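First comes the structure, then the notes that go with it.
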Amino acid sequence: MKTSFLAARFSRLLAAVLGVVLGTALGIASAAPALAHTALKRSDPEKNAKVESLERVELEFTQPVRLPTVILRGPDGETYHTGKPKVDGALVTQDVADDLPPGSYTIAYRVVSPDGHPVDGEIPFTLVAPEPTESPTAEEEGGDGAATPEPTASAEPSAGAGETPAGGTSGGSGDAADEAAGNAAPASTEERSGGVPAWVWMVVFGLAGIGIGLAISLRPKKAGGEQTTKAAEDR
Numbered sequence: 001m002k003t004s005f006l007a008a009r010f011s012r013l014l015a016a017v018l019g020v021v022l023g024t025a026l027g028i029a030s031a032a033p034a035l036a037h038t039a040l041k042r043s044d045p046e047k048n049a050k051v052e053s054l055e056r057v058e059l060e061f062t063q064p065v066r067l068p069t070v071i072l073r074g075p076d077g078e079t080y081h082t083g084k085p086k087v088d089g090a091l092v093t094q095d096v097a098d099d100l101p102p103g104s105y106t107i108a109y110r111v112v113s114p115d116g117h118p119v120d121g122e123i124p125f126t127l128v129a130p131e132p133t134e135s136p137t138a139e140e141e142g143g144d145g146a147a148t149p150e151p152t153a154s155a156e157p158s159a160g161a162g163e164t165p166a167g168g169t170s171g172g173s174g175d176a177a178d179e180a181a182g183n184a185a186p187a188s189t190e191e192r193s194g195g196v197p198a199w200v201w202m203v204v205f206g207l208a209g210i211g212i213g214l215a216i217s218l219r220p221k222k223a224g225g226e227q228t229t230k231a232a233e234d235r
C-alpha cells in the first residue's frame with residue numbers, strides 16, 4: 001500500500017517537471033523571432049568605400065522591412081537623392097542625381113522591422129574624380145595599326161650621270177688602244193730613220209722624183225735632134 005502511494009506521487013512529480021520544461025521550451029521558441037532584430041546585411045557603396053561613379057544606393061537587410069527612408073548628403077551639405085526609395089522584401093534602393101561632385105558623402109537610412117522596431121544608421125563613403133585618359137602618342141598610334149610610310153628608294157643613277165656603261169668602257173679602251181698604236185707607228189718610223197721626221201723624207205723623195213722626171217723628159221729631145229741631123233747628112 002505504501003509502495004503504490006510513493007509510485008503515484010513520483011509519477012505526479014515527474015509529470016509536473018515535464019510540463020514546466022515543455023512550457024519553457026515553447027516560450028523560448030515563440031520569443032526567438034522577437035529577439036532577432038533586423039539589421040543591415042550589406043550596402044552599395046560600402047562603408048568608407050571610394051568610388052568613381054554612383055547611379056543608385058542599395059541597402060539589404062537581414063529581414064523584410066517597410067517604410068524606408070534614404071537620404072544622400074553631399075560634401076556641400078546638399079542632398080543628392082532623387083525620388084522615393086523602393087523596397088522589395090529585404091532590399092531597399094534609392095536613385096541619386098547625375099553628375100555628382102567629388103567629395104565625402106553620407107547615406108542616412110531608416111526602416112521598420114517586422115516586429116515594429118525602427119532600424120537606422122549612416123554609411124560614409126567618398127566619391128573620387130575619375131583619372132583622365134591619356135591620349136596615345138604618335139609611336140603608340142603607329143604600333144596600334146597606323147601604317148608607317150616606308151622610305152622611297154631613290155632613283156638609280158643613269159648610265160651617263162655617274163657610271164660609265166660597259167659598252168662605253170670597252171669603246172673607250174678600243175679608242176685608246178688605236179690611238180696608242182697610231183702613236184707607236186710614227187715613233188717606230190722615226191727610230192728607223194735615225195730620228196729624222198717622216199715628212200722630211202717625203203719632201204726629199206718628192207723633189208728627187210721631180211728631178212728624175214725632168215731629166216728623163218729632157219734627154220729624149222736631144223737624142224732625137226742628133227739622129228735627125230745624122231740622117232740629113234747621110235742623104
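The numbering of the sequence shown is our numbering, which starts it at 1 and goes up by one.
Ideal Cβ positions, reconstructed from N, Cα and C, are used throughout, including at glycine.
Source: prediction; values computed, not measured.
*Less than 7 Å separating the beta-carbons of tyrosine 80 and alanine 97?*
Indexing the sequence shown from 1 puts residue 80 at position 80. Indexing the sequence shown from 1 puts residue 97 at position 97. Yes, these two residues count as a Cβ contact at 7 Å.
*Under 7 Å between the Cβ atoms of lysine 50 and valine 128?*
For the purposes of this step, residue 50 is taken as residue 50 along the sequence shown, with counting starting at 1. For the purposes of this step, residue 128 is taken as residue 128 along the sequence shown, with counting starting at 1. It is a contact, given that the beta carbons lie within the stated cut-off.
_DSSP-derived helix/strand/coil call for glycine 121_ = In the sequence shown, residue 121 corresponds to position 121, counting from 1. Three-state result, glycine 121: strand.
_With H, G and I counted as helix, E and B as strand and the rest as coil, what does DSSP make of glycine 77?_
As a position in the sequence shown, residue 77 is number 77, starting the count at 1. Of the three classes helix, strand and coil, the one that applies to glycine 77 here is coil, per DSSP.
*How many Å lie between glycine 77 and glycine 83 at the Cα?*
Position 77 of the sequence shown, counted from the first residue, corresponds to residue 77. Position 83 of the sequence shown, counted from the first residue, corresponds to residue 83. Those two C-alpha atoms are separated by around 18 Å.
*Quick one: using the 10 Å Cβ neighbour count with 16 as the cut-off for buried, is leucine 40 buried or exposed?*
Position 40 of the sequence shown holds residue 40. By the neighbour-count definition (other C-beta atoms within 10 Å, threshold 16), leucine 40 is a buried residue.
_Does valine 111 come out as helix, strand or coil in the three-state DSSP assignment?_
Against the sequence shown, residue 111 aligns to sequence position 111. Correct three-state label for valine 111: strand.
_For valine 87, the first and last residue of its enclosing beta strand (DSSP E)_ = What you label residue 87 is simply residue 87 of the sequence shown in a count that begins at 1. Run containing valine 87: 86-88, per the beta strand (DSSP E) assignment.
*Same chain, Cβ closer than 6 Å to arginine 66, neighbours up to 5 away in sequence not counted*: What you label residue 66 is simply residue 66 of the sequence shown in a count that begins at 1. Here arginine 66 has Val112 as same chain residues with Cβ atoms under 6 Å from its own Cβ, once five neighbours each way along the sequence are excluded.
*Please go through the same chain and pick out, in chain order, the residues whose beta-carbon is closer than 7 Å to the beta-carbon of glutamine 63, but skip the five residues on each side of it.*
For this step, residue 63 is matched to residue 63 along the sequence shown. So the list reads Thr38, Ala90, Ser113 and Pro114, once near-sequence residues are dropped.
*Tell me whether valine 57 sits in a helix, a strand or coil according to DSSP, three-state version.*
If you number the sequence shown from 1, residue 57 lands on position 57. Strand, per DSSP.
*Roughly how many angstroms lie between the CA atoms of glutamate 58 and glutamate 131, to the nearest whole one?*
Within the sequence shown, numbered from 1, the residue matching residue 58 stands at position 58. Within the sequence shown, numbered from 1, the residue matching residue 131 stands at position 131. Whole-angstrom Cα-Cα distance: 25 Å.
*Answer with buried or exposed for proline 85, where buried requires no fewer than 16 other C-beta atoms within 10 angstroms of its C-beta.*
Within the sequence shown, the letter at position 85 stands for residue 85. That one is buried.
*Measuring from the CB of alanine 215, is there a heavy atom of the ligand FAD at a distance below 6 Å?*
For the structure depicted, the ligand FAD is absent and the ligand set is empty, with no information on it obtainable.
*Could you pull out every residue in the same chain whose Cβ sits closer than 7 Å to the Cβ of leucine 218, ignoring the five residues on either side in sequence?*
Position 218 of the sequence shown, counted from the first residue, corresponds to residue 218. Answer for leucine 218: no residue qualifies.
*Could you tell me the distance, in whole angstroms, from the CA atom of proline 45 to the CA atom of glutamate 55?*
As a working note, residue 45 is residue 45 in the sequence shown. As a working note, residue 55 is residue 55 in the sequence shown. Rounded to whole angstroms, proline 45 to glutamate 55 spans 10 Å at the Cα level.
_Segment limits, beta strand (DSSP E) that includes leucine 91_ = Translated into positions along the sequence shown, residue 91 becomes position 91. Looking at the DSSP string, the run of the beta strand (DSSP E) that includes leucine 91 is 91-95.
*Compute the Euclidean distance between the alpha carbons of serine 53 and phenylalanine 61, then round it to the nearest angstrom.*
Taking the sequence shown and counting its residues from 1, one reaches residue 53 at position 53. Taking the sequence shown and counting its residues from 1, one reaches residue 61 at position 61. Straight-line Cα distance between these residues: approximately 23 Å.
*Using DSSP bridges, identify the partner residues of glycine 103.*
Here residue 103 refers to the residue found at position 103 when the sequence shown is read from its first residue. Leu127.
*Inspect the beta-carbon positions of proline 118 and valine 87 and report whether they are closer than 7 Å.*
Position 118 of the sequence shown, counted from the first residue, corresponds to residue 118. Position 87 of the sequence shown, counted from the first residue, corresponds to residue 87. No, Cβ-Cβ distance for proline 118 and valine 87 is not below 7 Å.
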